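To get the working numbering, take the position in the sequence shown, counting from 1, and add 1.
Backbone N, C-alpha and C define an ideal beta-carbon position, used for all residues, glycine too.
Being a predicted model, the structure only gives us computed values, none of them experimental.
Report on the following structure.
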Amino acid sequence: MKTILFFCISSALLTTSIFLAGCAAGGDSGTPQTQTSDNSSGEPAAALAVAHWVKGESVDVSSGVHVVEFWATWCPPCRTSIPHLTELQEKYADRGVNIIGVSDEKLATVEAFVKKMGDKMAYTVAIDAGATSKGYMSKYGINGIPHAFVVKDGEVVWHGHPMAKLEAAIEDALK
Numbered sequence: 002m003k004t005i006l007f008f009c010i011s012s013a014l015l016t017t018s019i020f021l022a023g024c025a026a027g028g029d030s031g032t033p034q035t036q037t038s039d040n041s042s043g044e045p046a047a048a049l050a051v052a053h054w055v056k057g058e059s060v061d062v063s064s065g066v067h068v069v070e071f072w073a074t075w076c077p078p079c080r081t082s083i084p085h086l087t088e089l090q091e092k093y094a095d096r097g098v099n100i101i102g103v104s105d106e107k108l109a110t111v112e113a114f115v116k117k118m119g120d121k122m123a124y125t126v127a128i129d130a131g132a133t134s135k136g137y138m139s140k141y142g143i144n145g146i147p148h149a150f151v152v153k154d155g156e157v158v159w160h161g162h163p164m165a166k167l168e169a170a171i172e173d174a175l176k
């Protein structure tokens, strides 16, 4: 009986630890981490290297205001941020803001997920050709997803967790 109790407690602790680690690699907890525009203002944004546009049209981030968010279908915090990103896309679409979700997963996996989400995921979705996520993430020392970058006229003006201060960053970029 003590062995079973020990096993159950150990399993619960392990599961909790994995969940708290979120979708991070290299020690990033996956919890909202915010960088202000002071940390990234004026940095040129990497071009989007897209293997396939799953939803929406091709986007050029060299002009206008865009949110480039790196995510994955298997990442719980990424899935949690989808309704928020959809709300922001709907709110700011008439002001020219494009939200682009970029995943490095297989096309079939992302297509099935996007189809299942339907209108709940109402923003552009792309498959990374391999260079985009590496270019953005490594430049800022980011190890975990989800992570969003606000790009204004080809320059990164903010980056952080998509649930933390993203709307304020979009408002600032639109000024």
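Task: Collapsed DSSP secondary structure at residue 45 in the structure displayed - done: Looking at residue 45 - three-state DSSP - the assignment turns out to be strand.
- [ ] Using DSSP bridges, identify the partner residues of residue 54.
- [x] Under DSSP, the beta-bridge partners assigned to residue 54 are 127.
Open item on the list: Please report the straight-line C-alpha distance between residue 114 and residue 164, rounded to a whole angstrom.
Closed with: Looking at the backbone, the Cα of residue 114 and that of residue 164 are separated by about 21 Å.
- [ ] Using a threshold of 8 Å, state whether the C-beta atoms of residue 146 and residue 72 are closer than that.
- [x] In contact: residue 146 and residue 72 (Cβ atoms closer than 8 Å).
Open item on the list: Here's the rule: buried if 16 or more other CB atoms are within 10 angstroms of the residue's CB, otherwise exposed. What is residue 70?
Closed with: With 16 or more other Cβ atoms within 10 Å, it is buried.
Task: residue 15 in three-state terms, based on DSSP - done: Reliability of the predicted coordinates at residue 15 is poor, the pLDDT of 37 falling under 50, and the value obtained from them is presented with this limitation in mind. Correct three-state label for residue 15: helix.
Open item on the list: So residue 149 and residue 160 are supposed to be a Cβ contact under 8 Å. How far apart are they, rounded?
Closed with: The Cβ separation is near 7 Å, so the contact holds.
- [ ] Find the nearest neighbour of residue 126 within the set 45, 65, 58, judged by alpha-carbon distance.
- [x] Out of 45, 65, 58, 58 has the C-alpha closest to the C-alpha of residue 126.
Task: Buried or exposed by the 16-neighbour rule on C-beta atoms within 10 Å, applied to residue 108 - done: It counts as exposed.
Task: Chain-order list of residues whose beta-carbon lies under 7 Å from that of residue 44 (same chain, five-residue window excluded) - done: Excluding residues within five positions, the ones whose Cβ falls inside 7 Å are 156, 157.
TODO: Run the CB neighbour count on residue 129, radius 10 Å, all protein chains shown included, and call it buried at 16 or more, exposed below.
DONE: That one is buried.
Task: DSSP three-state assignment for residue 106, whether helix, strand or coil - done: Correct three-state label for residue 106: coil.
Task: Cβ-based burial, residue 111 [other Cβ within 10 Å; buried from 16] - done: By the Cβ-count criterion, residue 111 is buried, with 16 or more other Cβ atoms from all chains shown falling within 10 Å of its own Cβ.
- [ ] Can you give me the start and stop residues for the alpha helix (DSSP H) that residue 67 sits inside?
- [x] Residue 67 -> not in any alpha helix (DSSP H); beta strand (DSSP E) instead, spanning 66-71.
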